[in-house]
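Notes to accompany the following structure.
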Amino acid sequence: MKKTFVAAALAAFVFTSCSDTKQETVAETDNMEHHEGMSHGDDMPAEGKVVVDAPDYTSVTAPVKEQLTVVVDNYLKLKDNLVASDGQKAQEDAKAIVAAAEKVEVASLEGEQKMFAEERLSEVRQAASAMAESADLDLQRAQLELLSEATFALTKAFGAADQTLYYQHCPMANNDQGAYWLSSNEEIRNPYFGDQMLKCGSNEEVYKK
Numbered sequence: 781m782k783k784t785f786v787a788a789a790l791a792a793f794v795f796t797s798c799s800d801t802k803q804e805t806v807a808e809t810d811n812m813e814h815h816e817g818m819s820h821g822d823d824m825p826a827e828g829k830v831v832v833d834a835p836d837y838t839s840v841t842a843p844v845k846e847q848l849t850v851v852v853d854n855y856l857k858l859k860d861n862l863v864a865s866d867g868q869k870a871q872e873d874a875k876a877i878v879a880a881a882e883k884v885e886v887a888s889l890e891g892e893q894k895m896f897a898e899e900r901l902s903e904v905r906q907a908a909s910a911m912a913e914s915a916d917l918d919l920q921r922a923q924l925e926l927l928s929e930a931t932f933a934l935t936k937a938f939g940a941a942d943q944t945l946y947y948q949h950c951p952m953a954n955n956d957q958g959a960y961w962l963s964s965n966e967e968i969r970n971p972y973f974g975d976q977m978l979k980c981g982s983n984e985e986v987y988k989k
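In my numbering, the protein residues as written are 781 to 989.
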């Protein structure tokens with residue numbers, strides 16, 4: 781009788797342990813599938829989908845467009861270095877963005893065009909300046925959302941790009957609140973996580989020159 785009780789207890793222990801292990805395995809698998817499920821690099825947004833609203837000021841004079849294009853080009857370099865998790869290079873790119881933003885001849889604009897450019901360029905400088913102060917990746921990535929939205933809004937409003945751009949989104953960035961970034965490649969390369977979750981994200985809007 782004693783042996784039977786011991787055997788039953790041992791069997792119950794093994795069953796419980798296996799169940800716990802199974803639950804942990806299922807949780808890990810679900811988490812992995814959740815991460816993999818975020819990879820939609822080949823998916824494209826619906827035709828005409830708009831995430832960032834912007835007015836049409838594409839008729840402005842060439843100097844402003846060209847100056848804003850320099851801001852966009854430096855942004856794309858910064859984004860690539862965040863993908864590579866290179867905080868020092870991203871810091872240098874941020875400094876270049878600030879310098880480029882300060883050279884935009886906003887005074888040559890008038891009315892609503894000027895107000896829009898001033899507001900968005902202020903956001904660009906704010907975010908890029910914070911990133912330029914430190915090579916800490918966490919601090920830099922925390923500013924990327926604001927920088928991305930402002931840069932994309934300027935790009936769309938003034939036609940400040942000579943290539944197709946993709947506005948991409950990661951639902952797990954910023955503590956699962958989600959965040960956007962701008963890329964010249966439709967393939968997802970996540971700047972918020974780098975190699976940790978390189979392909980986590982989706983294309984949400986496309987800007988075509």
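We put the CB at the ideal spot given by N, CA and C, even for glycine. Remember, predicted model here, so these are calculated numbers, not experimental data.
Less than 8 Å between the CB atoms is what I'm expecting for serine 964 and glutamine 948, so what's the real figure, rounded? At roughly 11 Å, the Cβ-Cβ gap does not stay under 8 Å, so serine 964 and glutamine 948 are not in contact.
Top-ranked residue by Cα proximity to serine 865, from Lys829, Tyr837, Leu919: Leu919
Drop a sphere of 10 angstroms on the beta-carbon of glutamate 929, count the other beta-carbons inside from all chains shown, and report buried for 16 or more, exposed for fewer. Under this definition glutamate 929 is a buried residue.
Thinking C-beta only, is alanine 912 closer than 7 Å to alanine 874? yes
Starting from serine 982, trace the beta strand (DSSP E) in both directions and tell me its first and last residue. 981-987
Thinking C-beta only, is valine 878 closer than 7 Å to alanine 907? The criterion of a C-beta distance shorter than 7 Å is not satisfied by alanine 907 and valine 878.
Of the choices Val830, Leu862, Ala922, Ala881, whose alpha-carbon is the least far from that of aspartate 956? Ala922
Going by beta carbon distance, what residues of the same chain come within less than 7 Å of glutamate 777, once the five residues before and after it are set aside? Outside the shown range of the chain, which is 781 to 989, sits residue 777, and nothing can be said about it.
Would you grab the beta carbon distance between asparagine 954 and valine 863 for me? Rounded to a whole angstrom, and I think it's under 8 Å. Not a contact, Cβ separation roughly 17 Å.
Taking all protein chains shown into account, decide if valine 830 is buried (16 or more other Cβ within 10 angstroms of its Cβ) or exposed. exposed
Apart from the five residues just before and just after tyrosine 837, which ones in its own chain have a Cβ nearer than 6 Å to its Cβ? Gln893, Ala937, Phe938
Alpha-carbon spacing of phenylalanine 932 relative to glutamate 872, whole angstroms: 21 Å
Please list, in chain order, all residues of the same chain as lysine 869 whose beta carbon is under 6 Å from its beta carbon, the five residues on each side excluded. Asn861
Under the rule that 16 or more other beta-carbon atoms within 10 Å means buried, what is alanine 880, buried or exposed? buried
Given this structure, state the Cα-to-Cα distance separating tyrosine 987 from leucine 927, to the nearest angstrom. 17 Å
Length of the line joining the Cα atoms of glutamine 847 and glutamate 925: Taking the straight line joining both Cα atoms gives about 22 Å.
Where leucine 901 and aspartate 975 are concerned, what is the direct C-alpha to C-alpha distance, given to the nearest angstrom? Those two C-alpha atoms are separated by around 31 Å.
Where lysine 979 and arginine 905 are concerned, what is the direct C-alpha to C-alpha distance, given to the nearest angstrom? 28 Å
Below 8 Å CB to CB, which residues in the same chain sit around asparagine 854 once its five sequence neighbours on both sides are set aside? Once the five neighbours on either side are set aside, the close Cβ partners of asparagine 854 are Asp873, Ala876, Ile877, Ala880.
Does the separation of the CB atoms of threonine 935 and valine 850 fall below 7 Å? no
Taking the beta carbon of alanine 940 as the centre, do at least 16 other beta carbons fall within 10 Å, making it buried, or is it exposed? buried
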